[in-house]
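Engineer: These protein sequence lines are chains A and B, in that order.
The numbering of the first sequence is our numbering, which starts it at 2 and goes up by one.
The numbering of the second sequence is our numbering, which starts it at 1467 and goes up by one.
Each residue gets a CB set at the ideal place from its N, CA and C atoms; glycine is no exception.
Note that the structure is predicted; figures quoted are calculated from it, not measured.
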Amino acid sequence: MLVSCWYLYLGAQRLYRHVLSMASVLQKLITPLFSGTLEPPRNKVTVVGVGQVGMACAVSILLRELADELALVDVVEDKLKGEMMDLQHGSLFLKTPKIVSGKDYSVTANSRVVVVTAGVRQQEGESRLNLVQRNVNIFKHIIPQIVRYSPNCILIVVSNPVDVLTYVTWKLSGLPKHRVIGSGTNLDSARFRYLMAERVGIHPSSFNGWILGEHGDSSVPVWSGANVAGVNLQKLNPDIGTDTDKENWKETHKKVVDSAYEVIRLKGYTNWAIGLSVADLTESLMKNLSRVHPVSTMVKGMYGIGDEVYLSLPCVLNSAGVGSVVNMTLTADEISQLKKSADMLWHIQKDLKDLER
Amino acid sequence: MASTKEKLIAHVSKEEPAGPTNKVTVVGVGMVGMAAAISVLLKDLTDELALVDVMEDKLKGEAMDLQHGSLFLKTHKIVADKDYSVTANSKVVVVTAGARQQEGESRLNLVQRNVNIFKFIIPNIIKYSPNCILLVVSNPVDILTYVAWKLSGLPRNRVIGSGTNLDSARFRHLMGEKLGIHPSSCHGWVIGEHGDSSVPVWSGVNVAGVSLQGLNPDMGTDKDKEDWKSVHKMVVDSAYEVIKLKGYTSWAIGMSVADLCESILKNLHKCHPVSTLVKGMHGVNEEVFLSVPCILGNSGLTDVVHMTLKPEEEKQLVKSAETLWGVQKELTL
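#1: To the nearest angstrom, report how far apart N1488/B and M329/A are at their CA atoms.
#2: Helix, strand or coil for A57/A, going by three-state DSSP, please let me know.
#3: Tell me the DSSP secondary structure of D1769/B in three-state form.
#4: Is there contact between the segment 159-174 of chain A and the segment 129-143 of chain A, where contact requires at least three CB pairs shorter than 8 Å?
#5: For P1739/B, list the residues DSSP reports as bridge partners.
#6: Measuring alpha carbon to alpha carbon, tell me which of S313/A, S5/A, K354/A, S184/A ends up nearest I336/A.
#7: Look at the alpha carbon of D240/A and the alpha carbon of M1467/B, and state the distance between them as a whole number of angstroms.
#8: Considering only their Cβ atoms, is the gap separating I275/A from Q123/A smaller than 8 Å?
#9: Would a check of beta-carbon distances place V116/A closer than 8 Å to chain B?
#10: Buried or exposed: where does W211/A fall if 16 or more other Cβ atoms within 10 Å of its Cβ makes it buried?
#11: Quick one: what's C316/A bridged to in DSSP?
#12: So which residues on chain A does L1474/B lean against when the C-beta distance must stay under 8 Å?
#13: Can you check whether the C-beta of A13/A is within less than 8 Å of a C-beta belonging to chain B?
#14: Any beta-carbon of chain A closer than 8 Å to the one on I1592/B?
#15: On the three-state DSSP scale, how would you describe T47/A?
#16: Along the chain, where does the beta strand (DSSP E) that runs through E1514/B open and close?
#17: With a threshold of 8 Å between beta carbons, is F94/A in contact with chain B?
#18: Mind checking who V1625/B pairs with in its DSSP beta bridge?
#19: Using CA atoms only, rank isn't needed, just tell me which of Y10/A, L237/A, R192/A is closest to I1475/B.
#20: Could you work out which residues of chain A lie near R1636/B, taking near to mean beta carbons separated by less than 7 Å?
#21: Which residue comes first and which comes last in the alpha helix (DSSP H) that contains S219/A?
#22: Just verifying my parser: in three-state terms, what is the DSSP assignment at Y1550/B?
#23: Starting from I336/A and walking both ways along the alpha helix (DSSP H), at which residues does that stretch end?
#24: In chain B, which residues lie less than 8 Å from E127/A when you measure between Cβ atoms?
#25: Could you check whether H216/A and D189/A sit closer than 8 Å to each other, using their CB atoms as the reference points?
#26: Within the continuous beta strand (DSSP E) that includes S102/A, where are the two ends?
#27: Where in the segment 1487-1542 of chain B do unbroken runs of the alpha helix (DSSP H), each at least 4 residues long, occur, reported from the N-terminal end onward?
#28: Can you pull the DSSP bridge partners for S1664/B?
#29: Which residues in chain A sit within 8 Å of D1523/B, going by Cβ to Cβ distance?
#30: Taking Cβ to Cβ, would you say L88/A is nearer than 8 Å to W1615/B?
#31: Roughly how many angstroms lie between the CA atoms of E1522/B and S206/A, to the nearest whole one?
#32: On the premise that I1587/B lies in contact with V1561/B, defined as a C-beta separation below 8 Å, what is that separation, rounded to the nearest angstrom?
#33: Straight-line CA distance for R1579/B to D1693/B?
#34: Taking the C-alpha atoms as reference points, what is the distance between P1777/B and H1748/B?
#35: For I139/A, which residues of its own chain have a beta-carbon under 7 Å away from its beta-carbon, when the five flanking residues on both sides are left out?
#36: Near G1642/B, which residues of its chain fall below 8 Å by C-beta distance, leaving aside the five closest residues on each side in sequence?
This is the structure:
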């Protein structure tokens, strides 16, 4: 009995040593403590479209450490895989442990924020409104798939013409309006604040100024709100923003409108500034900051607008999306400009086909 | 009549405005240059960024695009010009200018084309920032760092090649994937030539100080059942793979450049595998630059860590040195 126990013991020991030498480096190195299923990501961001804008958004979001998982989607498979690999090769320098990509939208599952940059872009001299129908057709494929895999996400639409496409996205997604945001005039306002701050010699974040309405040629600079440390510039210069202004501050708004065309003419496209501005919005959403940003939201019922259009207004962004909208005090002229934009956008939208889910 | 600005703001300081304290210049606004620029900006490393290139429209467009994002950044001044005077007083100058690898092309092929470009660039940089630290990224980086050193007249501690900082980052990423651990907790050093003949130092590969080669003595050899050698092979093939898929690589090298800039600008005395003059080390007799672990701070590359290498590993370094010298001695500087 004792002898057979002894042989059993020897045999077990030999088996153990054999198994140990067969064990991989991983098994020898690490003793797992938790063997349940992995938790789903809590702060996942998806970027749809890996063109220049999409990748600028992706890199800004990664370097700002906003996500614990980043998913990239596109139709051009080689480019998509290459971009994903290039980002993964930088993971030593990042705090986003998982970067995935695929043509199939299943990689986007459980996203909190989905940034849509897919679509065709403006050619030199082309207006944003020209791109509409081409991009609507692309969105009809994209949006339902996003919502299928991330029914609770917040959508940030960047593709142009952003106000129309945010409306289109809202319709195609079936999501409540506060969860569909257009990047809108967040970028126009950033450009405005940069140019105004340069004139005054301060950092853009210390110059407060809002551009609202359409992201594009008919955006509305709210001169009555422009201030530094609460000092209202219009009070110092009542002509500000008008044609009679000797200092021609109106020129600054014109430069904002022309910015995109200018940069496109020089380098072929714009990407860094829009990427940074999208990361800024994403930060407010992911961290539930309730910061106020000028973004495109559904404005029917405000300022006498009767149509279902998206225009940029100052919105409080938190983890639910657009928590609320700030009621800006606008002059009669500014309100009529908004109404005019709304009419023009509705004029385009009413002719779009097949928007119902 | 006072202007709006005069009514708003009263200038009270009697001092001349101080110059930049941490200025970074990026030479070359291609994909690598701009990836380096955006990484440096997003890491808040500098108070002034200068961009230089020969293509004036592209240069101006890139500068404007970055300036339009100033609201979201902490870099007060972003300038750009074809003329190197905009680069004056830089602490670090990142050189990404030059031709890049086509699909399937090796880095060594690019040499003479890029040497000619450097003959114009380097003296201009030194003219305006005689005390800068040069960080060379253009390929073949080890040779071009040697070229930059010769053309600049700077002491060897001020001329650094991005070298195998990226190869090591790729290695650590792949190692992390294999083990399920973040790359920053996976330690592994790839040294030598940035390219096809880089050397993975298997004896140093560890997690929490536990040597993986100690757990698996076959690691890095052909007999290894877990085939760790292919991890290094994937690192070597990485660039070709990404180039084949998207046409070029940018993000990873951009981030690795920002990582090096951070150590220099913040005087971190951190250890990085970067390309430096290795004559007299590990049996190398030629004046060549290869990557070894170096300490980086605000004087540049001040110290080199002497790795304990196996004879085969040293032999590989010596062989790389010979190959590089073979190319370098044909160059007209």
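Structural biologist: If we stick to the structure as given:
#1: 41 Å
#2: helix
#3: strand
#4: yes
#5: P1759/B
#6: S313/A
#7: 14 Å
#8: no
#9: no
#10: buried
#11: H294/A, V326/A
#12: V201, V229, V232, L234, L237
#13: no
#14: no
#15: strand
#16: 1514-1518
#17: yes
#18: L1600/B
#19: L237/A
#20: H90
#21: Where S219/A is concerned, there is no enclosing alpha helix (DSSP H), given that its DSSP letter is neither H nor E.
#22: helix
#23: 333-350
#24: Those do not exist, as E127/A stays about 17 Å from chain B at its closest Cβ, beyond 8 Å.
#25: yes
#26: 99-103
#27: 1497-1508, 1522-1533
#28: G1658/B
#29: R266, L267, K268
#30: no
#31: 29 Å
#32: 7 Å
#33: 38 Å
#34: 9 Å
#35: A119, G120
#36: H1648, P1649, S1651, C1652
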